[in-house]
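Asks: Numbering (this note's numbering), first residue to last: 136 to 1320.
No residue lacks a Cβ here, since even glycine has one placed at the ideal position from N, Cα and C.
Take a look at the following structure, please.
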Amino acid sequence: MQQKSDAELLREYTDRRSEAAFGEIVRRYADMVYSVAVRQLGNESEARDVAQTVFVDLARKAGGLPGGTVLIGWLHRASRLTALEQQRADQRRLQRERRAMELFEPSDKPVDDWNAIGPKLDEAIASLGEDDRNALLMRFFGNRSLADVGAALGISEDAAQKRVSRALERLREWLSARGVHTATGTLSAVLMANAVQSAPAGWAGSLVSGALAGNAKAAGVAWSVFPLTPAKTAFVMVPLIAGLVMVTLSRSSTERELREVRAQLEEQRAAVARLAEENERLSGLEEELARVRADSRELLRLRAEVGRLRREQAEREVESAAMVLPAEPGEEEPAPGQIHFKAKMIVGSANRMPGAPSTGLLPQEQLETIMRSMGLEGDDESLRAKGVHISESQVTTLSGRQAQIVADPAKRAVSLDIIARTATNSESVVVERLLVSPAPDLPDDIDPVEQGAVVLPDLAIAPDELVFLVKDPISVPPGCLLLLTQSIADVGRWREGEKEPGERETLLVVFTPTVIDPAGNPLYATPTQLEVDDPGVVMFPGHAPSGEPIIAVPVQGEGSARRGFLFPGLAPAEVPGENPIVSDKSPRPCLARKRVFGNTSPSMKKTLSGHSKRNGKATKQDSLRPYSSILLDGPERAPARAMLYPVGFKPEDFKKPIIGIASTWSMVTPCNMHIDQLAREAEAGANAGGGKAIVFNTITVSDGISMGTEGMKYSLVSREVIADSIEAVVGAEGMDGFVAIGGCDKNMPGSLIAMARLNRPSVFVYGGTILPGCLTGDASRKLDIVSVFEAVGAHANRKLDNAGLQQIESCAIPGAGSCGGMYTANTMASAIEALGMSLPNSSAQNAISDAKKDDCRRAGAAVVNMLKLGIRPRDIMTKKAFENAITVVIALGGSTNAVLHLLAIAHAAKVKLTLDDFTRVGKRVPVLADLKPSGRHLMSELVAIGGIRPLMKELLDRGLLHGDCLTVTGETLAETLKGVKPYPKGQTIVQPFDKPIKKDSHLVILRGNLAPEGAVAKISGKEGLRFTGKAIVFNSEETALHAILDGTVKAGHVVVIRYEGPRGGPGMREMLSPTSAIMGKGLGKDVALITDGRFSGGSHGFVVGHVTPEAYVGGPIALVKNGDEITIDAVKREMTLHVSAAELRKRKKAWTRPAPRYTRGVLAKYAHTVTSASLGAVTDMDLEL
């Protein structure tokens, strides 16, 4: 027999006054209510009083509870508030005592103990949002399954799991902010074990009768007799027997008050005793601290012991790390957790170590150049004879945990304490803190306080600990090392009198962190090395007068006095520190991000090349061929080379980096019909730049042709096929970098996903926009593909005859190029340029133009240059870069598909991007471009006035773009926008900031009971900001289109098209045909459309897509019925189905998932692996491998 829900039991009680129904509610939740009261009060007797009050209140108020009330949430809130009201004074006293006790413990000490969590738990739960609180209570307090939690809240089981996880994390953050530190997993286990305590045996029955008695009317209702606590006796018995009971109650009350006073006195006496004991302990600690301060050797010995224990703990944690279970589905995969540190310490007199660099990053292979430039050739014995001491040590620990390295085991001269973590969205190690101090066991006559600890640049002293801390985190990419250098005083005396007191020395720390797996193997490959003509370069702290970072080139001279660094472009007075220099005023190179050194001018290249030859150390050419050298080099690879001679390779080509040219050429669509010519231009550019290009093809499908048919289900699938095929070819053929050229909609995101996955130097080229078509005899009317779709609607509405329709369809597409408005292709091309992954102005060029050919040639050369500079796609595609892309899409009034595609590209780039980021950015960015489909102009008209660069420049000047983001040019976004001229005066395409088309984003992320996980609306403002209408429901696009064309859909309707999501379609078709038909019928302002499918960039009107969860997985959109009222509110960012939660649960129980439409082939595979649209509809997330 199926168990009745809480709502059904309450309804039965309120309708029929069923004591059995109310008794079942009490039995379900008595333990939970009692547990809340016990935690709040710490007194079982008073907890029973509180519980009885809560259930009396429930019995009285049951009939007035709002529909959809989650009972467990109501009871938890009522229990907590009642307990707080009854014992507010005692609670404040207990809190003060806890604060006093917390002062004696370190604030960062982890606390996983239930005794620490319990007193704060209910206050923490109360701080959660209602949805999170109810989900948490049902899961841990109500012991419900995730499926039951989802059903109660009207969401899917996956969504319920995410909501419970989110509630746990927020609960953990709240507790942590109040000094209770615990891991989310530990908190989950603690809640599962302790959240609900058993109430006294047989007590639930008493509660039932007591609560019902408390709710009985005074007239004509008999009171049930049940055991009462003293505090409640008076309340119940007064109406029955007055005089005698008053005396009894008075005596009982007095006795209870005396017991409470006695208990309070006992507690105070115990507290005084504890305080006295604590004072005595503190006095002892103060004396001990005085002794420690007086004995510096003891202090240092203790630090060494702590370091040893930390190392042992780290080793145990590393050993156990291999046993960590994989993340549950829906949870974010954690960053790699193990880091191996190597530290080389070099200490010598300053005059024997000239030219030591300041703080900097450089590739590991350049260390030899640095050492030689400082005259440190030779083995350790020969260097020691010169007064230079070198020692090395290493340690392995977990990300975020402290590790300690003792630099010189023989002399124990310097100790390093390190805290570092693995970067979340990259392969780097972030060094967050570096503490340097004298190691223990120094000679007795040395006072470390007087001598001072070893000092590193940009450090802040912590005097009580005799250490120094690195102020700002430093990100160290794989294959790189960190140099830390400082001049120090009197360290020579610490080595048993090797040098005279007062002689200055130089300490050089060479610090190399590596992310490793549990077996100790490096997780990330060493990055591409520097250009053959570039010597090792070192980055110095601070900035030159020009504001650029300071870099230097190690110089090898004939004598030690001439060893040092070349600082190009700096005068001697501008050189940092006391570094020996060779001054040079030639133009300085631009230092880009991370390990990138590039855009070297011809004169600077000559200078660097000359010094490289003098140093006798040049970067190997193989550094430009990290993948092709593996495929082609060596006698054993002769068969591979033999295969390439027939396709045009010459012997000298095998020494060049292989650059792939991924062409999407096809005669399937005019968007791509010219791309074979563009691929040849890119091939020529790559060859001229020093590479050897290989052209290969991937697929494309035409959305415009397949729109409105079953074939459209393959459209979004083709994005994954394009990404997979490019990844497969580039990976299989050992290509060192590649250019991808795209035209139709899915070409762009498919190419970018492949670039992010492969993370090899690559540049995207947009095939360009089409020129407008025009009608014979009416040259002023500009046509595009959307004109044809809307003409179909006009024809159905008898506003256009057959001849007129045929004339429009024959003239709308005049030649090659992508659809001409700010539809998906132009939107994504603009987003990619803003992201930094295409060359400047690539997104705003006509398909048939000399500018587009030049763009392709420069792209081929740019990939070779990226190889030389060491730039990779994930260096460019950062969170800030994605925010830039979102900003430009909004300002241009771009397609809703940008949301789906940017989420997918970010996933591939390992950047955490969510729907909420679109809302956050959208609140501050206006819509400025008056472009189709919502506006008047075509992309070719924007090209004619300068493209998107002037708009980006203005967005940058107003602080709406991150100018420090790297681009494929090797320059920052701000640097590429220097000198960009504004739009010509009088143009009307891009509006001024003080007169925007819309003051904030047109891409509105909606939530609500119809889209708990989000939906994407395209609201230009012209169709209004709020729409309420009656649902008219269709289970496919075709049936909806027929109903629109035959007049079934009328003004006031909200068209609901479902089972068109990523899994249900499958393929998430675009609804351009239905939306165009609505516009063509003249219903654009009178009909709204919502779907779990998506929209073409050409769609406009009051339309909402990407509704999640989709219908196929049981999302609320599957439960909508004809006639249901739906409200879309863009201001509140809500989409509401005006149906009660109880009715939705009833419908959900009756709902069954339809049979899959495909069980074989690519659509079946896609449906099996694809995620929700709210996650980008990707196919490689949480794969079970």
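Among Ala-1285, Val-1151 and Gly-289, which has the Cα closest to the Cα of Ala-1276?
Replies: Gly-289
Asks: With a cut-off of 8 Å on the beta carbons, I'd call Ala-875 and Ile-888 a contact; round off their distance for me.
Replies: With a Cβ gap of about 10 Å, Ala-875 and Ile-888 do not count as contacting.
Asks: Once DSSP output is grouped into helix, strand and coil, what is the label at Pro-613?
Replies: coil
Asks: Leu-1091 and Gly-1098 - do their beta-carbons sit closer together than 9 Å?
Replies: Closer than 9 Å, so yes.
Asks: Take the Cβ of Val-1266 as the centre, count every other Cβ of all protein chains shown within 10 Å, and call the residue buried at 16 or more, exposed below.
Replies: exposed
Asks: Between Thr-1031 and Phe-1230, how many whole angstroms is the CB-CB distance? I'm expecting something under 8 Å.
Replies: 5 Å
Asks: Across the stretch 1237-1249 and the stretch 1195-1207, are there enough close Cβ pairs to call them in contact, namely three or more that are closer than 8 Å?
Replies: yes
Asks: With a CB to CB cut of under 8 Å and the five nearest residues on each side skipped, what residues in its chain are close to Val-565?
Replies: Ala-555, Arg-556, Thr-557, Ala-558, Pro-608, Ile-609, Ser-610 and Val-611
Asks: Would you report the Cα separation of Leu-1180 and Leu-1160, rounded to the nearest angstrom?
Replies: Going from the Cα of Leu-1180 to the Cα of Leu-1160 covers about 26 Å.
Asks: For Asp-580, does the count of other Cβ atoms within 10 angstroms reach 16, so buried, or fall short, so exposed?
Replies: The predicted model places Asp-580 with a pLDDT of 43, which falls under 50 and marks its position as unreliable; any figure quoted below should be read in that light. It counts as exposed.
Asks: Is the distance from the Cβ of Ser-953 to the Cβ of Gly-878 below 9 Å?
Replies: yes
Asks: Start and end of the beta strand (DSSP E) containing Met-1270?
Replies: 1269-1272
Asks: Which value, in whole angstroms, describes the spacing of the CA atoms of Leu-779 and Gly-1217?
Replies: The straight-line gap separating the alpha-carbon atoms of Leu-779 and Gly-1217 is approximately 60 Å.
Asks: Beta carbon of Leu-256, beta carbon of Leu-326: below 9 Å?
Replies: For Leu-256 and Leu-326, yes; Cβs fall inside 9 Å.
Asks: Under DSSP, the beta strand (DSSP E) around Tyr-901 begins and ends at which residues?
Replies: Element bounds for Tyr-901: 897-901.
Asks: Are the CB atoms of Ala-931 and Ala-1175 within a distance shorter than 9 Å?
Replies: no
Asks: Give a yes or no on whether the C-beta atoms belonging to Asp-990 and Val-900 are separated by under 9 Å.
Replies: yes
Asks: Count the other CB atoms, across all protein chains shown, that sit within 10 Å of the CB of Ile-84; report buried if there are 16 or more and exposed otherwise.
Replies: Only positions 136 to 1320 of the chain appear in the structure, and residue 84 is not among them; the question remains open.
Asks: For a test of the three-state rule: what should DSSP assign to Arg-993, helix, strand or coil?
Replies: Helix at Arg-993.
Asks: For Glu-1260, which residues from the same chain have a beta carbon less than 7 Å from its beta carbon, with the 5 sequence-adjacent residues on both sides left out?
Replies: Thr-1163, Lys-1165 and His-1273
Asks: Rounded to whole angstroms, what's the CA-CA distance from Ala-287 to Val-205? Just pull it up for me.
Replies: 8 Å
Asks: Is DSSP giving Pro-1147 helix, strand or coil here?
Replies: coil
Asks: Would you mind giving the Cβ-Cβ distance between Ser-291 and Gly-939, rounded to the nearest angstrom? I have them listed as a contact below 8 Å.
Replies: At roughly 47 Å, the Cβ-Cβ gap does not stay under 8 Å, so Ser-291 and Gly-939 are not in contact.
Asks: When you compare only the Cα positions, how much space is there between Leu-1318 and Ile-651?
Replies: One alpha carbon belongs to Leu-1318, the other to Ile-651, and they sit about 22 Å apart.
Asks: To the nearest angstrom, how far is the alpha carbon of Thr-1107 from that of Met-1001?
Replies: 14 Å
Asks: Would you call the stretch 762-779 in contact with the stretch 1014-1023, where contact means no fewer than 3 C-beta pairs closer than 8 Å?
Replies: no
Asks: Got a sec: is the Cβ-Cβ distance from Ala-863 to anything in chain C below 9 Å?
Replies: Protein chains in the displayed structure number just one, and chain C is not present.
Asks: Just curious, the alpha helix (DSSP H) that Cys-946 is in, first and last residue?
Replies: 937-946
Asks: Can you tell me the Cα-Cα spacing of Ser-1171 and Asp-283, whole angstroms?
Replies: Going by the C-alpha atoms only, they are around 30 Å apart.
Asks: So, at 6 Å on beta carbons, what are the nonlocal neighbours of Lys-477 in its own chain, with the 5 sequence-adjacent residues on each side left out?
Replies: Annotation for Lys-477: Gln-529 and Thr-647 place their beta carbon closer than 6 Å to its own, counting only its chain and skipping 5 residues before and after.
Asks: May I have the straight-line CA-CA distance separating Leu-974 from Glu-968, to the nearest angstrom?
Replies: 7 Å
Asks: Does the stretch 1043-1058 come into contact with the stretch 1126-1133, if we say contact requires no fewer than three beta-carbon pairs (one atom in each stretch) closer than 8 Å?
Replies: no
Asks: From Ile-793, Asn-961, Thr-804 and Met-842, pick the residue whose C-alpha is nearest to that of Glu-818; which is it?
Replies: Ile-793
Asks: Got a sec? Which residues, its chain only, sit under 6 Å from Asp-1315 by beta carbon, not counting five neighbours each side?
Replies: Once the five neighbours on either side are set aside, Asp-1315 has no close Cβ partner at all.
Asks: Taking just the CA atoms, how far does Ile-160 sit from Lys-139?
Replies: Those two C-alpha atoms are separated by around 10 Å.
Asks: Span of the beta strand (DSSP E) holding Gly-908?
Replies: 908-910
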